[in-house]
Amino acid sequence: TSTMLTALRSSYLTPLPREDLYLLGTWINRAVEAVTITGTIIHATRQYRLPARAGDVLEILTRQADLVLDAAEQLNQADDLESTWMHLERLTHQAQRALVTWRLTDADELLARHYYRQQEVARSLDSTFMTIREFCTQLGRILVRDS
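Per the working numbering, the very first residue in the sequence shown carries number 20; after that it's consecutive.
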């Protein structure tokens with residue numbers, strides 16, 4: 020975020036108002052922090068082999084990260100940005116469904132200790148997806164306002 024703020028202060032022309040860029044940057048920063056926390060949980064609990072359902076969730080997160088990068092590059096192109104935003108929204112809903120499926124599947128198949136550890140990872144990933152959802156909400160507000 021500090022790099023972004025430095026760039027904003029030194030530039031006269033920005034694709035969006037600085038307040039919008041700050042909010043988008045803040046949500047991206049929070050999403051990165053949430054992913055880092057998830058990694059810390061996985062490392063601390065030594066869960067190096069997560070179930071296939073977790074892989075599905077992580078695949079969605081990877082796709083969302085790519086789309087967030089695309090969105091950052093498309094701030095000057097409203098049509099492309101709107102398409103990216105809609106795709107991000109769809110992936111957010113898909114992530115929620117995948118998380119629920121993972122949690123329910125594990126409830127029947129794992130010992131309590133393993134179940135608890137995987138639920139911690141799932142909760143942390145849910146927090147990440149909620150942060151990305153806030154990024155999407157802010158992006159949607161910008162698109163509506165500027166249309």
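No residue lacks a Cβ here, since even glycine has one placed at the ideal position from N, Cα and C.
These figures come from a predicted structure and were not determined experimentally.
{"Item": "Cβ contact check for the region 84 to 102 and the region 131 to 138: 3 or more pairs under 8 angstroms", "Value": "no"}
{"Item": "Under the three-state DSSP convention, the category R68 falls into", "Value": "coil"}
{"Item": "Enclosing alpha helix (DSSP H) for I95 [first to last residue]", "Value": "Checking the displayed sequence, the identity of residue 95 turns out to be Asn instead of Ile. That residue, N95, is in no alpha helix (DSSP H); it is neither H nor E in DSSP."}
{"Item": "Extent of the continuous alpha helix (DSSP H) run through L35", "Value": "Segment: none, L35 is in no alpha helix (DSSP H) and carries neither H nor E."}
{"Item": "Through-space distance from G58 to P211, alpha-carbon basis", "Value": "Residue 211 lies beyond the range of the chain shown here (20 to 166); nothing can be said about it."}
{"Item": "Beta-carbon contacts of R164 that lie in its chain and below 8 angstroms, excluding the five residues immediately before and after", "Value": "none"}
{"Item": "Cβ-Cβ distance between L43 and Q115 below 7 angstroms", "Value": "no"}
{"Item": "Beta-carbon spacing of R82, T150 below 7 angstroms", "Value": "no"}
{"Item": "Assigned secondary structure, L162 (DSSP; H/G/I helix, E/B strand, else coil)", "Value": "helix"}
{"Item": "Between the CA atoms of H106 and A84 - distance to the nearest angstrom", "Value": "12 angstroms"}
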